[in-house]
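Have a look at the structure below before the remarks.
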């Protein structure tokens, strides 16, 4: 899964402009969304759900994508008969899948239901729709991973394009979904989530990942040229 830097930066810009557009349609969390454990338990669940999604989509999945995109750094190093970058890439994605599933369990099991509507009104509905899109793209990625053609196979180029862009789509939509979730919890008088405490470290992590990817892409031709390796 690869992060095209320009498109990813465009996604971050869209996220930055979203508060004013959504401010008029936010509906605060209603009592029917408070679980039997009360507000304190619900706050813990919301924070845990958010933390799991941030770990998944801001740390693990981008790291896995970066390892695949910049695999030239690890060269031909092997681990258990496979390229080291590939082992690390798959490891990050599987760990990310595990934390993603855990976050979904909390969301579907404890944070409101379809029957009761969506916490956060129209913004909550947008958060839910974006989440379903991310789930769909993750499922597509799992299918693509299970049926990955061998290098040199006729279907390999088409598979690579699909793997790249479905992966990028999942990453971009997940970032927007996370932002919407933070915004809903921030404006809610029930949760009163600290906007800055969540958004600043997330933005810093996203910025580091993008900057590192761009810098490595820029120095790649000169480094490989010195080692006489193909770019």
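Residue numbers (our numbering): 64 to 294.
Ideal Cβ positions, reconstructed from N, Cα and C, are used throughout, including at glycine.
message = Rounded to the nearest angstrom, what separates residue 201 and residue 226 at their Cα positions?
response = Your numbering for residue 201 matches position 138 in the chain shown. Your numbering for residue 226 matches position 163 in the chain shown. So the two alpha carbons sit approximately 10 angstroms from each other.
Residue 255 - DSSP class collapsed to helix/strand/coil = The residue labelled residue 255 in the question sits at position 192 within the chain shown. The three-state reading of DSSP puts residue 255 in coil, since its state is none of H, G, I, E or B.
key: Neighbour-count burial assignment, residue 94, 16 or more Cβ in a 10 Å radius   = One-based indexing of the chain shown puts residue 94 at position 31. In this prediction, residue 94 has a pLDDT of 43, which is less than 50 and means its spatial position is unreliable; nothing more can be read from the coordinates.
ask   = Counting Cβ pairs, one atom from each stretch, are 3 or more of them under 8 angstroms apart for the region 184-191 and the region 233-251?
value = Short answer: they touch.
message = For a quick check, are the C-beta atoms of residue 174 and residue 109 less than 8 angstroms apart?
response = One-based indexing of the chain shown puts residue 174 at position 111. One-based indexing of the chain shown puts residue 109 at position 46. Contact flag set, yes.
task = Drop a sphere of 10 angstroms on the beta-carbon of residue 285, count the other beta-carbons inside from all chains shown, and report buried for 16 or more, exposed for fewer.
result = Residue mapping note: residue 285 aligns to position 222 of the chain shown, counting from 1. Counting Cβ neighbours within 10 Å, residue 285 comes out exposed, since fewer than 16 surround it.
query = Considering residue 162, what are the terminal residues of the alpha helix (DSSP H) in which it resides?
reply = Here residue 162 corresponds to residue number 99 of the chain shown, with the count starting at 1. In the DSSP assignment, residue 162 falls within the alpha helix (DSSP H) that extends over 147-173.
Sequence-distant residues of the same chain with beta carbon closer than 6 angstroms to residue 125, five excluded per side = Against the chain shown, residue 125 aligns to sequence position 62. Hits under 6 angstroms: 272.
ask   = Closest by CA to residue 156, which one among 127, 145 and 143?
value = Your numbering for residue 156 matches position 93 in the chain shown. For residue 156, the nearest C-alpha among the options comes from 127.
query = By Cβ distance, which residues of its chain are closer than 6 angstroms to residue 218, with the 5 residues on each side in sequence left out?
reply = In the chain shown, residue 218 corresponds to position 155, counting from 1. Closer than 6 angstroms at Cβ, skipping near neighbours: 212.
Where residue 141 sits in the DSSP three-state scheme = The count along the chain shown starts at 1 and reaches residue 141 at position 78. The answer is strand: DSSP assigns residue 141 an E or B state.
task = Quick one: grab the DSSP three-state call for residue 133.
result = In the chain shown, residue 133 corresponds to position 70, counting from 1. Residue state, collapsed to three classes: coil.
query = Would you say the region 164-171 touches the region 128-143, given that touching needs at least three Cβ pairs under 8 angstroms?
reply = In short, these stretches do not touch, since the Cβ pair count stays below three.
inquiry  = Can you tell me whether residue 221 is buried or exposed? The criterion is at least 16 other CB atoms within 10 Å of its CB, across all chains shown.
reply    = Taking the first residue of the chain shown as position 1, residue 221 is located at position 158. Classification for residue 221: exposed.
ask   = With distances taken between CB atoms, is the gap from residue 240 to residue 193 smaller than 8 angstroms?
value = Taking the first residue of the chain shown as position 1, residue 240 is located at position 177. Taking the first residue of the chain shown as position 1, residue 193 is located at position 130. In this structure, residue 240 places its C-beta atom within 8 angstroms of the C-beta atom of residue 193.
inquiry  = Please state whether the Cβ-Cβ distance between residue 255 and residue 229 is less than 8 angstroms.
reply    = Here residue 255 refers to the residue found at position 192 of the chain shown. Here residue 229 refers to the residue found at position 166 of the chain shown. In this structure, residue 255 lies away from residue 229, with their beta-carbon atoms at least 8 angstroms apart.
task = Using beta-carbon positions only, say whether residue 148 and residue 283 come within less than 8 angstroms of one another.
result = Start at 1 with the first residue of the chain shown, and residue 148 comes out as number 85. Start at 1 with the first residue of the chain shown, and residue 283 comes out as number 220. Contact flag unset, no.
key: Completely contained alpha helix (DSSP H) runs for the region 187-269, where each covers 4 or more residues   = Note on the region 187-269: whole alpha helix (DSSP H) runs with a minimum of 4 residues are 219-250, in chain order.
message = Could you tell me the alpha carbon to alpha carbon distance between residue 280 and residue 274, rounded to whole angstroms?
response = As a working mapping, residue 280 is identified with position 217 in the chain shown. As a working mapping, residue 274 is identified with position 211 in the chain shown. If you take the alpha carbons of residue 280 and residue 274, they lie about 10 angstroms apart.
request  = Take the Cβ of residue 131 as the centre, count every other Cβ of all protein chains shown within 10 Å, and call the residue buried at 16 or more, exposed below.
outcome  = Start at 1 with the first residue of the chain shown, and residue 131 comes out as number 68. With 16 or more other CB atoms across the displayed protein chains lying within 10 angstroms of its CB, residue 131 is buried.
message = Is the beta carbon of residue 105 closer than 8 angstroms to that of residue 276?
response = Position 213 of the chain shown, counted from the start, is the residue given in the question as residue 276. Position 42 of the chain shown, counted from the start, is the residue given in the question as residue 105. The Cβ-Cβ distance between residue 276 and residue 105 does not fall below 8 angstroms.
ask   = Helix, strand or coil: which one does DSSP assign to residue 111?
value = Translated into positions along the chain shown, residue 111 becomes position 48. If DSSP states are grouped into helix, strand and coil, residue 111 belongs with the helices.
message = Do residue 236 and residue 196 count as a contact pair if the criterion is CB distance below 8 angstroms?
response = Looking up residue 196 in the chain shown gives position 133. Looking up residue 236 in the chain shown gives position 173. Going by C-beta atoms, residue 196 is nearer than 8 angstroms to residue 236.
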